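Novice: For the protein sequence lines, the chains are F and V, in the order given.
Numbering (this note's numbering) for the first sequence: 1 to 282.
Numbering (this note's numbering) for the second sequence: 283 to 581.
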Amino acid sequence: MPTPKPARTIGGRRLPNLPGSLGAWLWLAVIILPIYYVIITSFKPRAGFFRTNPLWVPDPTLENYALVLQNDFLRYFANSLIVTVGSVLPALLVSFMATYAIVRGKTKFLGMANRLFLLGLAIPLHATIIPIYYMVGKMHLYDTLLALILPSIAFAIPISVLILSSSMRNVPNELFESMRLDGCSDWTMMWRLALPMTRPAVVTVGIYNALQVWNGFLFPLVLTQSPELRVLPLSLWAYQGQFGSNIPAVLAAVVLATLPLVVLYVVARRQLVGGLAAGFSK
Amino acid sequence: MSTHTSSRRTRTAGPSGWMAAPALLFFLVFAIIPLGGVVVLSFSNWNGLGAITWAGLSSWTEVLTSSVTINALVVTAKVIIYSFVVQTPISLLLGVFIAGNQKYRALLAVLYFVPLLLSSAAVAIAYKALLDPNFGLAAGLNIPALAQNWLGNPELALFVVIFVIAWQFVPFHTLIYQGGVRQIPASLYEAAEIDGAGRIKQFFHITVPQLKYTIITSSTLMVVGSLAYFDLVFVLTGGGPGYSTRILPLHMYLTGFQANDMGAAAALGVILVVIGLGLALTLQRLGGKDRSASQLEGL
Chain F
1 MPTPKPARTI
11 GGRRLPNLPG
21 SLGAWLWLAV
31 IILPIYYVII
41 TSFKPRAGFF
51 RTNPLWVPDP
61 TLENYALVLQ
71 NDFLRYFANS
81 LIVTVGSVLP
91 ALLVSFMATY
101 AIVRGKTKFL
111 GMANRLFLLG
121 LAIPLHATII
131 PIYYMVGKMH
141 LYDTLLALIL
151 PSIAFAIPIS
161 VLILSSSMRN
171 VPNELFESMR
181 LDGCSDWTMM
191 WRLALPMTRP
201 AVVTVGIYNA
211 LQVWNGFLFP
221 LVLTQSPELR
231 VLPLSLWAYQ
241 GQFGSNIPAV
251 LAAVVLATLP
261 LVVLYVVARR
271 QLVGGLAAGF
281 SK
Chain V
283 MSTHTSSRRT
293 RTAGPSGWMA
303 APALLFFLVF
313 AIIPLGGVVV
323 LSFSNWNGLG
333 AITWAGLSSW
343 TEVLTSSVTI
353 NALVVTAKVI
363 IYSFVVQTPI
373 SLLLGVFIAG
383 NQKYRALLAV
393 LYFVPLLLSS
403 AAVAIAYKAL
413 LDPNFGLAAG
423 LNIPALAQNW
433 LGNPELALFV
443 VIFVIAWQFV
453 PFHTLIYQGG
463 VRQIPASLYE
473 AAEIDGAGRI
483 KQFFHITVPQ
493 LKYTIITSST
503 LMVVGSLAYF
513 DLVFVLTGGG
523 PGYSTRILPL
533 HMYLTGFQAN
543 DMGAAAALGV
553 ILVVIGLGLA
563 LTLQRLGGKD
573 RSASQLEGL
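(1) Can we say the stretch 79–87 of chain F touches the stretch 171–178 of chain F, given the rule of at least three CB pairs closer than 8 Å?
(2) Below 6 Å CB to CB, which residues in the same chain sit around F/ARG13 once its five sequence neighbours on both sides are set aside?
(3) From F/VAL213 to F/THR99, what does the alpha carbon distance come to, in whole angstroms?
(4) My guess is that V/ALA354 and V/LEU493 are in contact by the Cβ rule of under 8 Å, so how many angstroms apart are they, rounded?
(5) Could you tell me whether the Cβ of F/THR188 comes closer than 7 Å to any Cβ of chain V?
(6) Determine whether the beta carbon atoms of V/THR456 and V/VAL378 lie at a separation below 7 Å.
(7) For a contact defined as C-beta to C-beta under 7 Å, what are the partners of F/HIS365 on chain V?
(8) Which residue's Cα is closest to the Cα of V/LEU376: F/LEU141, F/GLY20 and F/TYR36?
(9) Closer than 7 Å, Cβ to Cβ, to anything on chain F: give me those residues from the stretch 315–337 of chain V, in chain order.
(10) Less than 7 Å between the beta carbons of V/PHE312 and F/PRO151, yes or no?
(11) Does the beta-carbon of V/TRP328 have 16 or more other beta-carbons within 10 angstroms, so that it is buried, or is it exposed?
(12) The stretch 233–267 of chain F: which residues have C-beta closer than 7 Å to a C-beta of chain V, in chain order?
(13) By DSSP's criteria, V/ASN327 is part of a beta bridge. Which residues make up the other side?
(14) I'd like to know whether the C-beta of F/ILE39 is nearer than 7 Å to at least one C-beta of chain V.
(15) Can you tell me which of V/GLY461, V/THR370, V/SER324 and V/ALA303 puts its alpha carbon nearest to the alpha carbon of V/TRP449?
(16) Can you name the start and end residues of the alpha helix (DSSP H) that F/LYS138 belongs to?
(17) Using CA atoms only, rank isn't needed, just tell me which of F/ALA47, F/MET139 and F/VAL68 is closest to F/ASP59.
(18) How many Å lie between F/ARG115 and V/LEU346 at the Cα?
(19) Between the C-alpha atoms of F/LEU26 and V/LEU390, what's the straight-line distance to the nearest angstrom?
(20) From the beta carbon of F/THR107, is the nearest beta carbon of chain V less than 7 Å away?
(21) Just the Cα atoms here: how many angstroms apart are F/VAL248 and F/LYS44?
(22) Compute the distance between the beta-carbons of V/GLY558 and V/ALA547, then report whether it is under 7 Å.
(23) Tell me which residues of the stretch 26–53 of chain F have at least one Cβ-Cβ distance to chain V shorter than 9 Å, keeping chain order.
(24) Enumerate in chain order the residues of its own chain whose CB-to-CB distance from F/LEU229 is below 7 Å, with the five nearest sequence positions on each side excluded.
(25) What residue from V/GLU472, V/GLY545, V/LEU565 and V/LEU532 has the CA that sits closest to V/THR335's CA?
(26) Does V/PRO397 come within less than 7 Å of chain F when only Cβ atoms are used?
(27) Measuring straight from C-alpha to C-alpha, what distance separates F/ALA127 and V/PHE366?
(28) With a threshold of 6 Å, establish whether the CB of F/ALA78 neighbours any heavy atom of the ligand NAD.
(29) Give me the Cα-Cα distance between V/THR343 and V/THR351, rounded to the nearest whole angstrom.
(30) Strictly below 9 Å CB to CB, what residues from chain F border V/ILE476?
(31) By the 10 Å Cβ neighbour count, where 16 or more other Cβ atoms means buried, how is V/THR223 classified, buried or exposed?
(32) Determine the chain V residues that contact F/TYR142 at a beta-carbon separation under 8 Å, and present them in chain order.
(33) Using a cut-off of 8 Å between C-beta atoms, extract the partners of V/TYR394 located in chain F.
(34) Using only alpha-carbon positions, find the residue among V/TYR459, V/PHE454, V/VAL463 and V/GLY480 that is nearest to F/ILE31.
(35) I'd like the span of the alpha helix (DSSP H) that includes V/GLY382, first residue to last.
(36) Can you pull the chain F residues whose beta carbon is under 7 Å from the beta carbon of V/PHE417, in chain order?
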């Protein structure tokens, strides 16, 4: 696991890195200020919200949140949930199996598969949106949630294989060999050995993909049109048109749409932050 | 790397290629075939609903001679270059800083991640509200100098876009650098300290060279990612005012799904793919030939 960075000491004394901490706190302020503004404003009454102190809310109200909830928010939330779970779990399964085969196998075919997936990292895959729109139409999937799920699975595979394989390569070969001597098949070794040993990476990849799909905008915009099928990012855009100048309500929708991810992050942040940092920097 | 050589020692049969088949199937159908499809469609005429007819090179001549395309290429190049110039030093410095052992730095790392939780649509909507010259933050605080028409002024809008992109994605790259720094052997710093090298010297003589491959990974993701900032710009400015923030992916979307000219949009898609692939391969090449192979393999 990562070697901790040495304390910067000279003659045994740790010197504080003043410019460093100044910059780090400054960046924190840059990050927090807009978020704080959004949250504060979402609790302001609609009328004249902009005439009150933008950084404080004297008498908070929940009317904006009520308005968002009355406007089908829960339906959009459910759509997002279906699409995210429906994409992330299959993507994890197929990527994990492929990674196991690629890391443990040595055939030319698997090498080619690996290179193909890696190609997906170098290509802005969204550039293929027009043929995807065409194919989804031909498959009679246009304006369904499945139309969002299938390409989302495909687009999640390259990064998943990349992160999973850097973790799977760290599983000691001796463990596989001893299981093989016990007569275990690759299928058994994949579930009983590779999965438990790479569990942190699997969780990282799962959360990362969930973020991507939950926040995805282009597929829903292009591949669906019914208001009943809106996912959250698209609904934010629609709320913006619908609520017009009622900015506190639009921002309340932003807060509500982000809340589930904040909860997920609070629960699994160690896994996500550590796993991503390790997965990309090998 | 080391485990790779040890796996080569296995002489028993490996797993069947079929285990990779489901992933391969998904990827072929929804990524590789569309990749071919975008090339094919670029030689066609299609309004998105009716029949597709062959059009030869007409979409290409249309796209390549259009001043809007040239403008989109220039805007995209600006976004890529400015994003790189702004984001790389900030992410590198922040990443090195939060890789330190102190508890509060770990807390910073946790908070830095928060923008990554927001969708681009949410970020764009938040900034639109915040930057509004009449109802936004500056107006509320009564600071007229900041109450510019940030998104309505073509001179300013592009810089706002670049700032918002940095706001959203610097956290991600900071995280990558943090992970990279943590893998630098501590002995290098210990040796440097015995030699009396200061913090700045250590940064330029140890940290940066040791992070070479991390820099390449981060830059590749950043540059290829720059070609996908469609949703952020779409919601934030819609490409405007005028064409001032109309980046290539947005131009492709608007050409295809608003002007209903799928042939031209497909040609723009091909251009996007070629640029992305070209930039990614160039960056990998910069990382040195030997290492580039293993870098791509994610070792």
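For each residue, glycine too, the CB sits at the ideal point set by N, CA and C.
Computed from a predicted structure; not experimentally measured.
Specialist: According to the data block:
(1) Judged by pairs of C-beta atoms under 8 Å, the stretch 79–87 of chain F does not touch the stretch 171–178 of chain F, as fewer than three such pairs exist.
(2) Any reading at F/ARG13 must be qualified, since the residue scores a pLDDT of 47, below 50, and its modelled position is unreliable; no value is offered.
(3) Rounded to whole angstroms, the gap between the alpha carbons of F/VAL213 and F/THR99 is 21 Å.
(4) About 33 Å separates the two Cβ atoms, so there is no contact after all.
(5) Under the 7 Å criterion on CB atoms, F/THR188 is classed as non-interfacial with respect to chain V.
(6) No, the pair does not count as a contact, with Cβ atoms beyond the cut-off.
(7) Outside the displayed span of chain F (1 to 282) sits residue 365 of chain F, for which this structure offers no information.
(8) It is F/GLY20 whose Cα lies nearest to the Cα of V/LEU376.
(9) From the stretch 315–337 of chain V, only PRO316, LEU317, GLY319, VAL320 and LEU323 have a Cβ closer than 7 Å to chain F.
(10) Cβ distance < 7 Å, so V/PHE312 and F/PRO151 count as in contact.
(11) Counting C-beta atoms within 10 angstroms of its own C-beta, V/TRP328 has 16 or more neighbours from the protein chains shown and is therefore classed as buried.
(12) Cβ proximity to chain V below 7 Å picks out PRO233, LEU236, TRP237, GLN240, ILE247, VAL250, LEU251, VAL254, ALA257, THR258, LEU261, VAL262 and TYR265 from the stretch 233–267 of chain F.
(13) DSSP output for V/ASN327 lists V/THR335 as bridge partner(s).
(14) Against chain V, the CB of F/ILE39 has no partner CB under 7 Å away; the residue lies outside that interface.
(15) Answer by Cα proximity: V/THR370.
(16) Note, F/LYS138: alpha helix (DSSP H), 129–138.
(17) Among F/ALA47, F/MET139 and F/VAL68, the Cα nearest to that of F/ASP59 is on F/ALA47.
(18) Each residue's alpha carbon lies about 31 Å from the other.
(19) Taking the CA atoms as reference points, F/LEU26 sits about 11 Å from V/LEU390.
(20) Yes, F/THR107 lies at the interface with chain V (some Cβ there is under 7 Å from its Cβ).
(21) According to the sequence shown, residue 248 of chain F is Pro rather than Val. A straight line joining the alpha-carbon of F/PRO248 with that of F/LYS44 spans about 6 Å.
(22) At a Cβ-Cβ threshold of 7 Å, V/GLY558 and V/ALA547 do not count as neighbours.
(23) Listed in sequence order: TRP27, LEU28, VAL30, ILE31, ILE32, LEU33, PRO34, ILE35, TYR37, VAL38, THR41, PHE49, PHE50, ARG51, THR52 and ASN53.
(24) Annotation for F/LEU229: ASN79, ASP143 and LEU145 place their beta carbon closer than 7 Å to its own, counting only its chain and skipping 5 residues before and after.
(25) Per the Cα distances, V/GLY545.
(26) Closer than 7 Å: yes.
(27) One alpha carbon belongs to F/ALA127, the other to V/PHE366, and they sit about 21 Å apart.
(28) Absence of the ligand NAD is noted for the structure shown, with no ligands found whatsoever.
(29) Distance between the alpha carbons of V/THR343 and V/THR351 is about 11 Å.
(30) The contacting residues do not exist; V/ILE476 stays about 11 Å from chain F at best.
(31) No statement about residue 223 of chain V is possible, as the shown extent of chain V runs from 283 to 581 and does not include it.
(32) In chain order: nothing, as chain V lies at least about 11 Å away.
(33) Correct list: TRP27, LEU28 and ILE31.
(34) It is V/PHE454.
(35) V/GLY382 -> no alpha helix (DSSP H), and no H or E assigned at all.
(36) At a C-beta separation below 7 Å, V/PHE417 has these neighbours in chain F: PHE50 and ILE247.
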